[in-house]
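Let me begin by presenting the structure, written as C-alpha cells, before commenting on it.
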Amino acid sequence: MRIERFYHHAGTITPEGESVCPDCGVKLDDGLLSPNPCKYDTTSFVRYKGLWWFINVSNCRAQLCAAENITGKIRYKEIVCPKDMQDTLQKLVEESVEEHGALNISGLYGPSDRLISFIEEKGIKAVTAKTPDRANKP
Ligand SMILES: [Zn+2]
Numbered sequence: 000m001r002i003e004r005f006y007h008h009a010g011t012i013t014p015e016g017e018s019v020c021p022d023c024g025v026k027l028d029d030g031l032l033s034p035n036p037c038k039y040d041t042t043s044f045v046r047y048k049g050l051w052w053f054i055n056v057s058n059c060r061a062q063l064c065a066a067e068n069i070t071g072k073i074r075y076k077e078i079v080c081p082k083d084m085q086d087t088l089q090k091l092v093e094e095s096v097e098e099h100g101a102l103n104i105s106g107l108y109g110p111s112d113r114l115i116s117f118i119e120e121k122g123i124k125a126v127t128a129k130t131p132d133r134a135n136k137p
C-alpha cells in the first residue's frame, strides 16, 4: 500500500491565482498542502486507503482521526482497532504528538511513520461512523 504524506503550509494566492506558501515558496493545492515539508514544522496528513489520517489533540487527549476530506466540513470515519491493540495504538498516537509538540498543545498533528506502519501491519480500519458528526471537531 502506497502511503503519501502531505504537509500543511501557510497559503497566499499569487496574482496568477495559484496558492503558494509565503514561508518556503512551494505551490500548494486547494487544501494548502504539498508533498514537500515546509521550513517550519507543520502538521502533516497521511493519505492511506483513500482517507486522510491525522491526530487531533484537545483537552490533553490525543485521538487518531481518519476522514474523507480535510477541507470544508470534515466527514470523520470511525477507527476500528481490536481491543488488545488499542493500548499500543494510543501509545504510538501520543508518541507522534510528542515528536512535534505536546499533549497539552491542542491542534492537529501528523501520524508518525511508526504509527502508520502499525495501522498497516495490524489492518486497523476506518469505517463510516454511525453518528454523522463528532462533537470535538478540530
Ligand atoms: Zn511552506
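First residue of the sequence shown? That's 0 in numbering that gives the first Met the number 0, and the numbers climb one at a time after it. A virtual CB, placed ideally from N, CA and C, is assigned to each residue, including glycine.
Could you tell me the distance, in whole angstroms, from the CA atom of residue i to the CA atom of residue j?
i, j, result
"lysine 204", "proline 14", "Limits of the chain in this structure are 0 at one end and 137 at the other, which puts residue 204 out of reach."
"leucine 32", "glycine 16", "16 Å"
"lysine 121", "proline 81", "9 Å"
"leucine 63", "leucine 107", "10 Å"
"glutamate 67", "isoleucine 73", "7 Å"
"histidine 99", "valine 126", "27 Å"
"leucine 114", "cysteine 37", "22 Å"
"alanine 65", "glutamate 93", "16 Å"
"serine 116", "glycine 10", "30 Å"
"tyrosine 75", "proline 21", "30 Å"
"serine 43", "leucine 88", "18 Å"
"aspartate 83", "asparagine 103", "27 Å"
"leucine 91", "aspartate 112", "10 Å"
"lysine 26", "serine 18", "6 Å"
On a Cα-Cα basis, can you pick out the residue from the options that is closest to residue i?
i, options, result
"arginine 60", "Leu27, Asp29, Arg46, Ser105", "Ser105"
"aspartate 28", "Gly49, Tyr47, His8, Lys38", "His8"
"glutamate 3", "Lys48, Cys37, Thr41, Ile54", "Lys48"
"aspartate 86", "Val25, Asn58, Ile118", "Ile118"
"isoleucine 78", "Ile69, Ser95, Tyr6, Trp51", "Trp51"
"serine 57", "Val45, Ala101, Leu88", "Ala101"
Which residues mark the beginning and the end of the beta strand (DSSP E) in which residue i is found?
i, result
"alanine 66", "60-66"
"tyrosine 47", "43-47"
"histidine 7", "3-7"
"valine 79", "76-79"
"valine 56", "50-57"
Within 10 angstroms of its Cβ, does residue i collect 16 or more other Cβ (buried), or is it exposed?
i, result
"isoleucine 12", "exposed"
"glycine 71", "exposed"
"tyrosine 39", "exposed"
"glycine 109", "buried"
request  = Please list the segments of the beta strand (DSSP E) lying wholly inside the region 95-127, counting only runs of 3 or more residues, in order along the chain.
outcome  = 106-108, 124-127
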